[in-house]
Amino acid sequence: MGVQTLADAYRLIHAGILAFSRAERQGIRVDVPYCRRARRRLSKQIERLEGEFQASDLYRRWEQVYRGKTNISSNQQLARVLYGVMGFVPSKTTKTGQGATDEEALLRLGVDELSILLQIRKLTKVRDTYLEAFIREQHGGWIHPFFNLHTVRTYRSSSDSPNLQNVPKRDAEAMEICRRALLPRPGHQFIEIDFAALEVHIAACYCKDPTLIAYLEDPRSDMHADMAKQLFMLDTLDRAFPAHHTLRQAAKNGFVFPQFYGDYYGNNAVTLAEWVKLSTNRWRGGQGIELPDGTHISDHFRAHGIKGFQDFVEHVRQVEDDFWGNRFRTYREWRERWVAQYRRAGYLRMFTGFICSGELARNEIINYPIQGTAFHCLLQTFILLDDAIQHLDLQSRLVGQIHDSVLIDAHPSEVSWFEQEVKRIIREDLPAKWDWIVVPLEVDMDEYAVDGPWVKGE
DNA sequence: GGAACTCGCCAC
DNA sequence: AAACGTGGCGAGTTCC
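The opening position of the first sequence corresponds to residue 254 in the numbering used here, with each subsequent residue numbered one higher.
Shown next, in the form of C-alpha cells:
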C-alpha cells in the first residue's frame, strides 16, 4: 500500500478510538489510602518550608508591599517584589514583558531563599496536579484516563481526567511519589513498550537522507557521540568516562534534538555551555566540567582557540552550517522542498493520509508530519495489540499510551509474548501496511514488578 | 461566580 | 530575518 488517503486516515482514527475506549473502560488501579497519606505528608512538608521562607529577608520585603494580600504562590507579586522593589534585573522576560519567575530565572539571581520557594513549587505541583487528581478522578479505586484523537493539531493524541501522559518521570523524587500511586491488577505487572527514537526514524522516512538512514541502520554508529566530538573538538569519545557521557548528553539534548525541532545555534550555545558548566563570558583556565585527563573543558577549548562564550557561539554556528550543509544536506533539501510545497498548495499531507491546513509557521510545517506520523505508528501498533488480546482471549490489558509507548497491565505469563509480538508488528505488519517505512523501527520494553507500582526499584 | 487569560511546569 | 514542536492543568488574575 502506497500513498494513504484521507479515508485511510479516517479508518485509523476510527479503529484507534475503539481501541482507546477499551483501555479507558479498563482503567488503572489507584492506591487511594497511599494518595491521602502522601498528600498529608506533602502538606506538612510544604508548611514547614513556608515557615522557613517566611523567616527570610525576601519575604519581609514582600509583606511590606502586599500586607494582608501577600501570596507566595503569586508569581506576579514575586516579579514585582524582585524586579520592581528590590531592583534585580530579570535575566529574561515572559511573552508579555513581565520579568520571568520560572526556575531558571530565579536560580540566576543567586538568592538563597528562592530555592525554598522552588522546593515549595515542586511539592505543591506533585500534590495538587497529580495526587489530588488521582483522588478526585478515581471511582472505587480506579482511574479511567481518556485518550483523545480529536484535539491535537498534529493528529497526535491527548489525555485528560486525569492526564496519564505527563506523570513525572525526569525528577526522581516527584516520579517516585506520583507513580507509586498507580498499580496493576492483582497478580499482574505493568510493562511499557516504547519505540526507540521514533521521530528521528520517521524524519528519515520523509527526507530519505542517506547519512541519517545510515546512522539508523548501523547499530554501532552513534550520531550524538559524533556531534559531541565535533561540538567539543575531541578526537575520541569514550562513554565509559562520566565526562564523555555528559558531553554526549549535551550534544543530544542541547544541539541535535533542538536543531531537528527548528532551533538555531544561538540558543544551542547557551544550553551547551550550561551543560558543561561554563559561563557566557570569557573563560579562564580550570573552569567547567573536568575531563578524564584531569584538565577542565575551558583549558581544552582555549587550546583550540576558543577563549570564551563569544568564540563558542561562532564555533556552534560553524557546526550548524556543517550539520545542514554537509552532514544532513539531503534532510535540509527535503525541508526546503516540503515548506515550498506547503506554501504552494496551502496544505500538507502526511504519509498516513492526514491533512494539515491553515496558517502554519515554518517550524510547524516541518514538525507536524513527523510528529503526527510517528504517533500513527504507535497507534497502529496499539490497535493490532488490542485486536490480538481480544482474539487470543489474553488476560493482559492495554491501559494507556504516551505518544511513543504503550502501557500494559500484563499477566506475567504473557509478558514475553508482548515483547515478541510488538517486534513482529514493527518488523512485518507496519512495513507491509506502509511502504514509506524505509528504516528499521526498534522498541524497548520496561518491566515493573508483579503487584508493584508504576515505578521501579525497592 | 464563571470565562478567558497569563505563567509555570509536567510529559513526549 | 528569525529562531524549539505538541499537549493538560493548577493557581492567580482580570473582566463581565
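Positions of the beta carbon are idealized from the N, C-alpha and C atoms, including for glycine.
* Between residue 284 and the rest of its own chain, which residues show a CB-CB distance below 7 Å, the 5 nearest in sequence each way excluded? -> Same-chain partners within the cutoff: 434 and 436.
* Burial state of residue 645 (16 or more Cβ within 10 Å) -> Here residue 645 is exposed. Its C-beta has fewer than 16 other C-beta atoms within 10 Å.
* Just how far apart, CA to CA, sit residue 449 and residue 550? -> For residue 449 and residue 550, the distance between alpha carbons rounds to 31 Å.
* Per DSSP, the bridge partner or partners of residue 549 -> 543.
* Do the stretch 371-389 and the stretch 400-412 make contact, defined as three or more Cβ pairs closer than 8 Å? -> Fewer than three pairs of CB atoms, one per stretch, sit closer than 8 Å, so the stretch 371-389 makes no contact with the stretch 400-412.
* Starting from residue 399, trace the beta strand (DSSP E) both ways and give me its first and last residue. => If you look at residue 399, you'll find it in the beta strand (DSSP E) that goes 399-401.
* Asked: Do residue 462 and residue 581 have their C-beta atoms closer together than 7 Å?
  -> Yes, Cβ-Cβ distance for residue 462 and residue 581 is below 7 Å.
* Asked: Which same chain residues, not among the five before or five after residue 272, have their C-beta less than 6 Å away from its C-beta?
  -> Beyond the five residues adjoining it in sequence on each side, residue 272 comes within less than 6 Å, by CB distance, of 635, 636 and 639 in the same chain, given in chain order.
* To do: Quick one: give me the first and last residue of the alpha helix (DSSP H) that residue 519 is part of.
  => Residue range 518-528 is occupied by the alpha helix (DSSP H) that includes residue 519.
* To do: Could you check the C-alpha separation between residue 629 and residue 428 for me, to the nearest Å?
  => Computed Cα separation, rounded: 27 Å.
* Which term fits residue 586, buried or exposed, when burial requires 16 or more other beta carbons within 10 angstroms of its beta carbon? -> It is exposed - the Cβ of residue 586 has fewer than 16 other Cβ atoms within 10 Å.
* Rank 329, 265 and 430 by C-alpha distance to the C-alpha of residue 290 and give the top, closest one. => Here the closest residue by C-alpha is 430.
* Per DSSP, residue 392 is paired with what? -> DSSP output for residue 392 lists 395 as bridge partner(s).
* Cα-Cα separation, residue 524 to residue 484 -> Answer to the nearest angstrom: the Cα atoms are 12 Å apart.
* Reduced DSSP secondary structure (H/G/I, E/B, other) of residue 408 -> In this structure, residue 408 counts as coil in the three-state DSSP scheme.
* Asked: Of the choices 475, 507 and 564, whose alpha-carbon is the least far from that of residue 492?
  -> With distances taken between Cα atoms, residue 492 lies closest to 475.
* What are the start and end residues of each continuous beta strand (DSSP E) run of 3 or more residues lying completely inside the stretch 260-286, in chain order? -> Within the stretch 260-286, the complete beta strand (DSSP E) runs of at least 3 residues are 281-283.
* To do: Write down the C-beta distance between residue 610 and residue 625 rounded to the nearest angstrom, noting that I regard them as a contact closer than 8 Å.
  => So it is not a contact: roughly 13 Å between Cβ atoms.
* Pull up the DSSP beta-bridge partners for residue 654, would you. => As computed with DSSP, residue 654 is found in a beta bridge with 659.
* Determine the DSSP secondary structure at residue 346, reduced to helix, strand or coil. => Taken through DSSP and simplified to helix, strand or coil, residue 346 comes out as strand.
* To do: Answer yes if the stretch 583-597 comes into contact with the stretch 649-658, meaning at least three C-beta pairs across the two stretches below 8 Å, and no otherwise.
  => No, they do not touch.
* For residue 319 versus residue 330, is the C-beta distance shorter than 7 Å? -> Between residue 319 and residue 330, the C-beta spacing is below 7 Å.
* **Paired residues, beta bridge with residue 696 - DSSP** => Per DSSP, the beta-bridge partners of residue 696 are 448.
* To do: Can you give me the Cβ contacts of residue 445 inside the same chain, cut-off strictly under 6 Å, excluding the 5 residues immediately before and after it?
  => Result list for residue 445: 658, 660 and 699, in chain order.
* Do residue 302 and residue 373 have their C-beta atoms closer together than 7 Å? -> Yes.
* Asked: Considering only residues of the same chain and omitting the five flanking positions on each side of residue 501, which have a CB-CB separation below 7 Å?
  -> If we look at residue 501 and ignore the five residues flanking it on each side, its Cβ neighbours are 477, 478, 481, 490 and 492.
* **Local Cβ density within 10 Å of residue 424, reported as buried at 16 or more and exposed below that** => It is exposed - the Cβ of residue 424 has fewer than 16 other Cβ atoms within 10 Å.
* **Classification of residue 701 by the beta-carbon crowding that lies within 10 angstroms, buried from 16 upward** => So residue 701 counts as buried.
* To do: Within the same chain, show all residues whose beta-carbon is closer than 7 Å to that of residue 438, passing over the 5 residues directly before and after it, in chain order.
  => Contacts found: 282 and 662.
* To do: Answer yes or no: do residue 522 and residue 554 have a C-beta to C-beta separation smaller than 7 Å?
  => Taking C-beta atoms as the reference points, residue 522 and residue 554 fail to come closer than 7 Å.
* Mark residue 412 as exposed unless 16 or more other C-beta atoms lie within 10 angstroms of its C-beta, in which case mark it buried. => Of the other Cβ atoms in all chains shown, 16 or more fall within 10 Å of the Cβ of residue 412; this residue is therefore buried.
* Asked: Sorted by chain position, which residues of the same chain lie with C-beta nearer than 6 Å to residue 695's C-beta, five sequence neighbours on each side aside?
  -> 449.
* Roughly how many angstroms lie between the CA atoms of residue 456 and residue 466, to the nearest whole one? -> Looking at the two C-alpha atoms, the distance is approximately 10 Å.
* Asked: Straight-line CA distance for residue 557 to residue 539?
  -> If you take the alpha carbons of residue 557 and residue 539, they lie about 15 Å apart.
* Hey, residue 730 and residue 528 are a contact pair by Cβ (cut 8 Å); roughly how many whole angstroms apart? -> For the chain, the structure presents residues 254 to 711; residue 730 sits outside this window and is missing.
* Asked: Anyone know if the C-beta pair for residue 469 and residue 692 falls short of 7 Å?
  -> Yes, these two residues count as a Cβ contact at 7 Å.
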